[in-house]
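Written out below as structure tokens is the structure these notes cover.
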Amino acid sequence: MLPDLTAITWVDIAVFVLCVSLSFFICCVNILTILVVCQTSELRTYTNTYIVSLSVTDFIVGLELLPTSFFFLPPTKNSVFFRNIHLCLLLNGLNLGLPGTSIIHMFFISVDRFIYITKPYVYQRLIKPKLIGACITFIWIFGISFSLLPQIVHNTQSDVCSPTIQFPIWYLFYSAWVVYFTSAFGILTMYTLILYAAFKQRKAIQLATGSLKGAQHISRSTARSLKFFMTSFGVFFVCMTPIVICMAMDYFVSTPPVLYNCLVILGLSNSGMNFVIFAVQNKDFRRAL
0 MLPDLTAITW VDIAVFVLCV SLSFFICCVN ILTILVVCQT SELRTYTNTY
50 IVSLSVTDFI VGLELLPTSF FFLPPTKNSV FFRNIHLCLL LNGLNLGLPG
100 TSIIHMFFIS VDRFIYITKP YVYQRLIKPK LIGACITFIW IFGISFSLLP
150 QIVHNTQSDV CSPTIQFPIW YLFYSAWVVY FTSAFGILTM YTLILYAAFK
200 QRKAIQLATG SLKGAQHISR STARSLKFFM TSFGVFFVCM TPIVICMAMD
250 YFVSTPPVLY NCLVILGLSN SGMNFVIFAV QNKDFRRAL
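Quick note on numbering that gives the first Met the number 0: the sequence shown kicks off at 0 and runs consecutively.
Have a look at this one:
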């Protein structure tokens with residue numbers, strides 16, 4: 000006797016409830032982040048413009064997670080997603096495009112911080128609202144294009160709602176890896192150079208004054224300005240890297256569905272973490288809540 004592919008188990012229900020709850024949480028905290036940053040003068044900085052744009056990305060992830068949660072219920076997966084190929088392509092494309100948009104935001108933030116800390120005079124002369132607007136526009140054009148590309152380049156011979164089956168290997172594997180790991184390497188490089196510059200500055204002040212007091216103050220100030228962004232990237236990298244690797248490796252080694260779904264949820268859950276990190280580490284943000 001063939002198994003009933005539409006039967007719902009308690010695990011399916013638990014995953015569905017978790018995803019719906021996570022969707023609500025992500026949407027709420029990112030709306031709150033946007034409102035707080037926009038309405039608090041201390042937080043309205045050039046760099047936090049990227050944070051607002053990143054929060055919009057995370058908010059869309061929260062919205063996208065709601066229909067995705069129905070994918071984990073066998074009846075809707077078979078009756079809706081397997082029969083509406085473009086809906087399936089849209090959700091799977093967003094699952095790739097939105098994280099790509101997020102990590103490119105973080106790359107631009109790291110470059111912004113690098114210029115601000117290591118070349119402050121260049122920063123004052125170069126970084127203007129128009130430039131930041133152009134950078135954010137580029138990020139969104141890339142993210143939207145990358146998310147919608149599967150509508151054109153998918154496998155038309157299959158009606159199975161699976162990125163491994165639907166997407167060409169150059170899109171899911173090569174392109175996604177290049178975007179993700181190139182951006183991650185760039186971010187790590189920027190923050191490494193920033194910390195190295197801060198260390199050199201500390202040593203120079205120590206040699207000039209013969210005291211560690213001023214040098215320590217500057218080092219702490221630099222660390223505070225970087226702490227949120229480095230923590231945010233670290234959490235993002237930990238949450239997203241497993242599913243990025245898993246989605247690509249699924250071409251070569253079949254991944255158990257339970258593990259695959261858990262990694263997807265872990266990756267998407269990152270979209271609610273920036274609010275938590277901001278609230279813990281930034282007193283102006285906490286005061287405005």
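Every residue, glycine too, gets a C-beta built ideally from N, C-alpha and C.
All values derive from a computational prediction rather than experimental measurement.
Query                                                                                                 : Result
Residue of Gly96, Ser157 and Pro119 minimising C-alpha distance to Ile140                             : Gly96
Three-way DSSP call (helix, strand, coil) for His85 in this model                                     : helix
Three-state class that DSSP yields for Ala6 in the structure shown                                    : coil
Between the CA atoms of Lys118 and Ser109 - distance to the nearest angstrom                          : 13 Å
Buried versus exposed, by CB contacts within 10 Å (16 or more), Arg124                                : exposed
Validate contact between the stretch 12-29 and the stretch 49-57 using beta carbons, cut 8 Å, 3 pairs : yes
Phe198 Cβ short of 7 Å to the ligand FMN heavy atom set                                               : Of the ligands one can find in the structure shown there are none, so the ligand FMN has no counterpart to examine.
Nearest-angstrom Cα separation, counted from Gln200 out to Gln215                                     : Only weak support is given to the placement of Gln215: the predicted model assigns it a pLDDT of 49, under 50, and the value that follows is read from those uncertain coordinates. Going from the Cα of Gln215 to the Cα of Gln200 covers about 10 Å.
Per-residue burial, Pro162 [other beta carbons within 10 Å of its own, 16 or more giving buried]      : buried
7 Å Cβ shell around Ala18 - same chain, five flanking residues per side excluded                      : The residue asked about is misnamed: residue 18 is Cys in this sequence, not Ala. Cβ neighbours of Cys18 beyond the five flanking positions: Leu64, Thr67, Ser68, Phe71 and Ile264.
Inter-stretch contact at 8 Å, needing at least 3 Cβ pairs: the stretch 126-142 / the stretch 153-161  : no
Where Thr155 sits in the DSSP three-state scheme                                                      : coil
Leu288 - DSSP class collapsed to helix/strand/coil                                                    : coil
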